[in-house]
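Student:
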Amino acid sequence: MEIKPLTRVILGLVCLLVAIWLVAPTLVVVPMSFNENKSLAFPPQGFSWQWYQNFFTNPDWSSSFLNSLKVASVVAVLATVLGTLAAFGLDRMKAGSANLLRMLMLTPMVVPGVVLAIGIYAVYLDTHLVGTLLGFVLAHTILALPFVLIAVSASLEVFDRRLETAAASLGAGALTAFRTVTLPLILPGILSGLLFAFATSFDEIVVSLFITNPYLKTLPVQIFSSITRDADPTVAAVGTILLFATTILIGGGMLLLGRERKGRQ
Amino acid sequence: MSASELPTQPAADVRPGRAWRPFALTAPALILLVAVIGYPLFTIVLRSLSEPEWGVQNYVWFFGAPINLTVLQRTFTISAWVTIVCVICAYPYAYLMTAVGPRVRLVLVLCVLIPFWVSGVVRTLSWVILLQDSGVINSLLRLAGFDGIRLIRTQTGVVIGMAQVLLPFMILPLYSVMKGIDLRLMRAAQSLGARPSRAFFTVYLPLSLPGVYAGAIIVFILALGFYITPALLGGPRSTMLSTLVQTQVLSLLQWGRGGAMGVVLLVTTFVLLALAAPVMRSRYREAGRR
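Residue numbers (the working numbering), protein chains in the order written: chain S, 1 to 265; chain R, 1001 to 1290.
#1: Might you give, ordered along the chain, the residues of its own chain that have their beta carbon closer than 8 angstroms to the beta carbon of R/Q1009, omitting 5 neighbours on each side?
#2: Rounded to a whole number of angstroms, what is the C-alpha to C-alpha distance between R/L1224 and R/T1075?
#3: Roughly how many angstroms separate the alpha carbons of S/L216 and S/V206, rounded to a whole number?
#4: Could you have a look at S/L156 and say whether DSSP puts it in helix, strand or coil?
#5: DSSP three-state label for R/L1252, please.
#6: Would you give the residue range spanned by the alpha helix (DSSP H) that S/A177 belongs to?
#7: Helix, strand or coil: which one does DSSP assign to S/L266?
#8: For chain S, is any of its Cβ atoms less than 8 angstroms away from the one on R/C1086?
#9: Rounded to a whole number of angstroms, what is the C-alpha to C-alpha distance between S/L187 and S/V74?
#10: Return the chain-ordered list of same chain residues with a C-beta closer than 7 angstroms to the C-beta of R/L1130, the five sequence neighbours on each side being excluded.
#11: Check the C-beta distance from R/G1258 over to R/P1052 and give it rounded, since I have them as a contact under 8 angstroms.
#12: Can you round the beta-carbon distance between S/V29 and S/T240 to whole angstroms, since I take them to be within the 8 angstroms contact cut?
#13: In angstroms with no decimal places, state the Cα-to-Cα distance between S/V110 and R/A1194.
#14: DSSP on S/N58, reduced to helix/strand/coil?
#15: Roughly how many whole angstroms lie between the Cα atoms of S/L125 and S/P31?
#16: I'd like to know if S/M1 contacts chain R, where contact means its C-beta is closer than 8 angstroms to some C-beta of that chain.
#17: With which residues is S/L216 paired in a DSSP beta bridge?
#18: To which residues of the same chain is S/L78 closer than 6 angstroms at the C-beta, ignoring the five residues directly before and after it?
#19: Counting contacts by CB-CB distance shorter than 8 angstroms, is R/R1198 in contact with chain S?
#20: Ordered along the chain, which non-local residues of its own chain (more than five positions away) have a Cβ less than 6 angstroms from that of S/R8?
#21: Taking Cβ-Cβ distances shorter than 9 angstroms, what residues in chain R pair up with S/K4?
#22: Which of the three DSSP states is assigned to R/Q1009 in this structure?
#23: Shortest alpha-carbon distance to R/I1044 belongs to which of R/T1268, R/L1272, R/V1264?
#24: Between the alpha carbons of R/L1106 and R/L1049, how many angstroms are there, rounded?
#25: What residues in its chain sit with their C-beta under 7 angstroms from that of R/L1166, if we drop five residues either side in the sequence?
#26: Can you check whether the CB of S/V114 is closer than 8 angstroms to the CB of R/V1245?
#27: Would you grab the beta carbon distance between S/V221 and S/T212 for me? Rounded to a whole angstrom, and I think it's under 8 angstroms.
#28: Relative to chain S, which residues along the segment 1064-1098 of chain R have a C-beta separation below 7 angstroms, given in chain order?
#29: With burial defined as no fewer than 16 other Cβ atoms inside 10 Å of the residue's Cβ, what is the status of S/G135: buried or exposed?
#30: Compare the C-beta of S/D203 with all C-beta atoms of chain R and state if any pair is closer than 8 angstroms.
#31: Ignore the nearest five residues each way along the sequence and tell me which others in R/N1068's own chain have a CB closer than 6 angstroms to its CB.
#32: Which one of R/L1025, R/L1110, R/L1030, R/S1079 has the shortest CA to CA distance from R/T1268?
#33: In angstroms, rounded to a whole number, what distance separates the CA positions of S/P5 and S/L11?
#34: Can you tell me which of the three DSSP states S/W49 falls into?
#35: Can you tell which of R/S1176, R/A1029, R/Y1039, R/A1260 has the C-alpha that lies nearest to the C-alpha of R/L1072?
#36: With 16 as the cutoff for other CB atoms within 10 Å, does R/V1014 come out buried or exposed?
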C-alpha cells in the first residue's frame, strides 16, 4: 500500500509516543530505587543500595516474596494439569457441550475481581481458609485455569489427530501414543500455559488482598500495603527487580525462539 | 491408504460406552470451578437478598441513594474514556505492527508484552510516582516554569493509569485482525482511482472493525471491575464501584449492601458480554469469508 511520506512520519511519531507511554512509566521505578532518602518524591537524592538490602533482609518483604514463589509454583503445576486435562476433554466432546463448558471455564477471566474476592472471602471465613497457603492456591488456580485452557486448546486445534490413529494402528496403546506423539507436539502450548499460570498467581492482588492476614502475605499484597501506608522506596527496588527478571525472561525467550526458527529455515 | 483418506475425526468419539471419558477429563477443573467460583458467587447473591432480612431492600437502597448512582455512572464514564483512549492509541500502533519488517515488529511486540508482564501493582506504583504532586510530571512542569497541576486523586489520573494498563488488551486483538487483512485490496481500491484516505475509510477501516469491537469490549469490561488502579491513583471524587463494594464489606461489614453492589456489577458485565458476543461472532465470520 502506498503511504505518503508525511503520513508515514506522523504514523511513526504517534507510535513512538505510544511505545514510550507503554514502557517509560514502568522504568521510573529504577532511579527511585537508589534513593538515599526514605521518600518517593521526584527527583531522587543521592545513591544507595539500602532498599535492595532491606528487601532481602526485612522479613516482611522476604517472607512475602517466598510465599508468592511457593503459591505460584504450586498453582502453575496444578492449573496446568487441570487445564490440560480439561482442554483434552473439551477437544474430544461434541461441539455443543464443549462450547458451553468452555464458556463456563473462562468465566473467571470476566468476573469483576472485587465481586469474586468478597465471595471467596465469605466462603473462606466459614471454612477457615483465610490466610492459609491452601486458600491462596485454590483461589489462584481457578484464576489461572482459563489461561492454560486457552493455550493448550490452541495447540490442540492445530494438532492432527490422525497422528494418534496412526500410532494406534502401529500398535501403540493410548498412553504410549499420548506420551510419544501427542505430548511432544502440544508441549509448547502446555509450557506457555504453565508460564501464564505462574505469572497470574505471582501477580494476583485483588482476591489476595481479601484472603490475606498479617501472618501470610504475598508479594503484591505487601507492595500494595506498603504503597498505601508510607513512601518506602523498597517498593521501587522490588519493582526494579521484577522488571529486570521479566525483561530477561521474555527477551531471552523470544531470542531463543527467533534463533530456533532461523536455524530451521 | 493415503493420509488424506483417513477419517479426520477418529472413531474414538462415537464408540459406545466411552462418551463419558471427555467429561471425566474436565471434571476436576469443573469441580474446582464450582467450589471456588460458583459457590462464592451464589453466597454473595444469597447474602444480598437475605441480610439483614429476606427481601430486595439492599437493591432498593442501592438504586435509591444518589451517591451510589453517581458512582455507578462514574464507573461507566471512566470505563468509556479508558476504552476511547485505548482505541485511539492502539489503532495506529497495531497498524504499524503489520506494516514494518520483522526486526522493528519484534521491538514493537516487546514494548507491548513487557509492561503486560510486569506486575500490575508495580505499574500502578510507577504512575503514583509520576503523577503525585511531587512527581515527575509536576517537577518537569515546574522546571519549565509552569504551575504544577493536580493529577493524582483526579479522574484524569485514573484514566491515564488505567488506559496504560489496559492498552495491550486492545493492541493484541486489533493486531491479530489487521494481520489477516489483505493489503492488495487497498492497492486494488487505489488502482480504481480511490485516494489513499478514501481507500482507507472504505476498505481498510471496515475490515479492521472486528478487532476494534473485540478489543473495546474486553477493555471496557475489564475497566468496569478495576480496583487497584482507582484505589491508588484516585480520590474520593473518582471512586469506582469496586471500591464502594470493598468499603461496604470490609469497613462497614454490610455484606448485604456490598453483595447487592457486587451483583449489580456482575450482572452488568454479563449483560454486556451477552450483547457483544453475537455481534463479535458474526463480524469475525464476515471477516473470515472475505
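No residue lacks a Cβ here, since even glycine has one placed at the ideal position from N, Cα and C.
Computed from a predicted model, the values in this text were never measured in an experiment.
Tutor: The relevant details are as follows:
#1: Note on R/Q1009: pLDDT 48, under 50, position unreliable in the model; the coordinate value appears next. Annotation for R/Q1009: no residue places its beta carbon closer than 8 angstroms to its own, counting only its chain and skipping 5 residues before and after.
#2: Each residue's alpha carbon lies about 6 angstroms from the other.
#3: Approximately 15 angstroms, taken between the alpha carbons.
#4: Reduced to three states, the DSSP call for S/L156 is helix.
#5: Of the three classes helix, strand and coil, the one that applies to R/L1252 here is coil, per DSSP.
#6: Counting along the chain, S/A177 sits inside the alpha helix (DSSP H) bounded by residues 174-177.
#7: Chain S is shown only over 1 to 265; residue 266 of chain S falls outside these bounds and no answer can be derived.
#8: Using beta-carbon distances, R/C1086 does not count as an interface residue toward chain S, since no partner is under 8 angstroms.
#9: Computed Cα separation, rounded: 19 angstroms.
#10: Counting only residues of its own chain and dropping the five nearest sequence neighbours on each side, R/L1130 has a CB closer than 7 angstroms to the CB of V1136, I1137.
#11: Between R/P1052 and R/G1258 the Cβ distance is about 13 angstroms, and since that is not below 8 angstroms, they are no contact.
#12: So it is a contact: roughly 5 angstroms between Cβ atoms.
#13: Spanning the two alpha carbons is a distance of roughly 42 angstroms.
#14: Note: S/N58 maps to coil in three-state DSSP.
#15: Between the alpha carbons of S/L125 and S/P31 lies a gap of roughly 42 angstroms.
#16: Residue confidence is low: S/M1 scores 48 on pLDDT, short of 50, so the model does not pin down where it sits. No coordinate-derived value is stated.
#17: S/L216 is bridged by DSSP to S/N213.
#18: Excluding positions up to five away in sequence, the list reads T141.
#19: R/R1198 does not count as touching chain S.
#20: Counting only Cβ-Cβ distances below 6 angstroms, and skipping sequence neighbours, we find nothing.
#21: Within chain R, the C-beta atoms nearer than 9 angstroms to that of S/K4 come from P1196, in chain order.
#22: At R/Q1009, the pLDDT of 48 sits below 50, so the modelled position is not reliable and the matter cannot be decided from this model.
#23: R/V1264 is the residue among R/T1268, R/L1272, R/V1264 whose C-alpha sits nearest the C-alpha of R/I1044.
#24: If you draw a straight line from the Cα of R/L1106 to the Cα of R/L1049, it comes to about 52 angstroms.
#25: So the list reads V1082, C1086, V1219, L1222, A1223, once near-sequence residues are dropped.
#26: It is a contact, given that the beta carbons lie within the stated cut-off.
#27: Correct: roughly 5 angstroms between the Cβ atoms.
#28: Of all residues in the segment 1064-1098 of chain R, those with a C-beta nearer than 7 angstroms to a C-beta of chain S are C1089, P1092, Y1093, L1096, reading in chain order.
#29: Buried.
#30: Yes - at least one Cβ of chain R is within 8 angstroms of the one on S/D203.
#31: For R/N1068, where only same-chain residues beyond five positions count, the Cβ hits under 6 angstroms are F1062.
#32: Of the candidates R/L1025, R/L1110, R/L1030, R/S1079, the one whose C-alpha sits nearest the C-alpha of R/T1268 is R/S1079.
#33: The alpha-carbon separation between S/P5 and S/L11 amounts to approximately 10 angstroms.
#34: Of the three classes helix, strand and coil, the one that applies to S/W49 here is coil, per DSSP.
#35: Taking only the C-alpha atoms, the option nearest R/L1072 is R/A1260.
#36: Reliability of the predicted coordinates at R/V1014 is poor, the pLDDT of 46 falling under 50, and the value obtained from them is presented with this limitation in mind. That one is exposed.
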